[in-house]
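Residue numbering for the sequence shown follows the working numbering, beginning at 129 and increasing consecutively.
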Amino acid sequence: MSNGVKNGDMEAFSGKDVSKKREDYLNWPDYFMAVAFLSAMRSKDPCSQVGACIVNAQNKVVGIGYNGMPFGCSDDDFPWGKESDSKVENKYFYVCHAEMNAILNKIVGELRGCHIYVAMFPCNECAKLIIQSGISEVYYFSNKNWNKDECIATRKMFDAAGIKYTQYIPTRRQIVIDFDTIDWNKVSQAQDPPTPKKKRTSS
């Protein structure tokens, strides 16, 4: 290992055998759902932060999105509330959902056969986009709106179109991003043994 850090030093630091591959790495589904949840942290919505991640058959991410206002519509000028008596003063007429943005943000020509990972079960409007885009499978985390008319309509359309939908149960309840774990320079400096002094030889 570079910077003078030996395997034994690193094992002492981490308590792990660094000569073998890690066994606690993220599996693909947890990784993709985590990407969706991380994307959701970009949302300015004070009530619901939702993210979506589209993946192709090669396990490559081809689209990411989160719920937010359309381009050119200021986050500060358009409403985020949902309790106004006036529909045009509520967010629902304006916010683009995560699934819509992920589909529009795609980096490939088409999404046929792709899977989408999304924090919440899609509404009927997003269901139409998912079907029309060619996405074949939906993995959702929360089904809190399951019995709402919008989600009932979604299931009706998915069933008719042959779109498979599955509630995803992660293998771990929490994934922590710690930026310090990548800083091997600190580790190497902490673990470098002192440089031994050379013995003087008589002339």
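Glycine is no exception: its CB is placed at the ideal position from the N, C-alpha and C atoms.
Predicted, not measured: the structure shown is a model, and the values here were computed from it.
Quiz item: From what residue to what residue does the alpha helix (DSSP H) around Y159 run?
Solution: Within the sequence shown, residue 159 is the residue found at index 31, counting from 1. Looking at the DSSP string, the run of the alpha helix (DSSP H) that includes Y159 is W156 to A168.
Quiz item: Would you call the stretch 147 to 161 and the stretch 198 to 205 touching, i.e. three or more CB-CB distances under 8 Å?
Solution: no
Exercise. Count the other CB atoms, across all protein chains shown, that sit within 10 Å of the CB of S212; report buried if there are 16 or more and exposed otherwise.
Key: Here residue 212 refers to the residue found at position 84 of the sequence shown. Exposed.
Exercise. Using only the heavy atoms of the ligand FMN, determine whether one of them is closer than 6 Å to the beta carbon of A180.
Key: As far as ligands go, the structure on display features none, and thus does not contain the ligand FMN.
Quiz item: Just the Cα atoms here: how many angstroms apart are Y220 and Y245?
Solution: The sequence position of residue 220 within the sequence shown is 92, counting from 1. The sequence position of residue 245 within the sequence shown is 117, counting from 1. So the alpha carbons of these two residues sit roughly 22 Å apart.
Quiz prompt | Cβ pair N184, C242 closer than 7 Å | solution = As a first step, residue 184 must be located in the sequence shown, where it is residue number 56. As a first step, residue 242 must be located in the sequence shown, where it is residue number 114. Yes, the Cβ-Cβ distance between N184 and C242 is below 7 Å.
Quiz item: Do S264 and M248 have their C-beta atoms within less than 7 Å of each other?
Solution: Position 136 of the sequence shown, counted from the start, is the residue given in the question as residue 264. Position 120 of the sequence shown, counted from the start, is the residue given in the question as residue 248. No, they are not a contact pair.
Exercise. Classify V178 as buried or exposed, calling it buried when 16 or more other Cβ atoms lie within 10 Å of its own Cβ.
Key: Counted from its first residue, the sequence shown places residue 178 at position 50. The residue in question, V178, is buried, as its Cβ has 16 or more Cβ neighbours within 10 Å.
Quiz item: On the three-state DSSP scale, how would you describe V189?
Solution: Within the sequence shown, numbered from 1, the residue matching residue 189 stands at position 61. In this structure, V189 counts as strand in the three-state DSSP scheme.
Exercise. Find the nearest neighbour of Q302 within the set E151, V146, S147 and L166, judged by alpha-carbon distance.
Key: Counting from 1 along the sequence shown, the entry for residue 302 is found at position 174. That would be L166, whose Cα lies nearest to the Cα of Q302.
Quiz item: Looking at the structure shown, is F141 part of a helix, part of a strand, or coil, going by DSSP?
Solution: Residue numbering aside, residue 141 sits at position 13 when the sequence shown is read from its first letter. Unreliable placement is indicated for F141, whose pLDDT of 49 sits below 50; the coordinate value is still reported in the next sentence. Reduced to three states, the DSSP call for F141 is helix.
Practice problem: Report the rounded CA-to-CA distance for W156 versus S214, giving the unit in angstroms. | Solution: Position 28 of the sequence shown holds residue 156. Position 86 of the sequence shown holds residue 214. Taking the straight line joining both Cα atoms gives about 44 Å.
Quiz prompt | For I259 and N195, the rounded distance between their alpha carbons | solution = Taking the first residue of the sequence shown as position 1, residue 195 is located at position 67. Taking the first residue of the sequence shown as position 1, residue 259 is located at position 131. Their Cα atoms are separated by approximately 19 Å.
Exercise. Would you grab the beta carbon distance between E227 and P207 for me? Rounded to a whole angstrom, and I think it's under 8 Å.
Key: If you number the sequence shown from 1, residue 227 lands on position 99. If you number the sequence shown from 1, residue 207 lands on position 79. In fact, because the Cβ distance is near 21 Å, the residues do not count as touching under 8 Å.
Quiz item: Within 10 angstroms of its Cβ, does V133 collect 16 or more other Cβ (buried), or is it exposed?
Solution: Mapped onto the sequence shown, residue 133 falls at position 5. At V133 the pLDDT is 49, less than 50, meaning the model places this residue with poor confidence and gives no usable figure here.
Quiz item: By DSSP, does F199 sit in helix, in strand, or in coil?
Solution: On the sequence shown, position 71 is the one that residue 199 refers to. Coil at F199, not helix or strand.
Quiz item: Would a C-beta distance cut-off of 7 Å place A168 and I192 closer than the cut-off?
Solution: Here residue 168 refers to the residue found at position 40 when the sequence shown is read from its first residue. Here residue 192 refers to the residue found at position 64 when the sequence shown is read from its first residue. Not in contact: A168 and I192 (Cβ atoms no closer than 7 Å).
Exercise. Please work out which residues of its chain come closer than 6 Å, Cβ to Cβ, to M129, disregarding the five sequence neighbours upstream and downstream, and give them in chain order.
Key: Numbered from 1 along the sequence shown, position 1 holds the residue referred to as residue 129. Residue placement at M129 is poorly supported in this model, since its pLDDT is 45, which falls under 50; the coordinates still yield a value, given next. Nothing listed; no residue qualifies.
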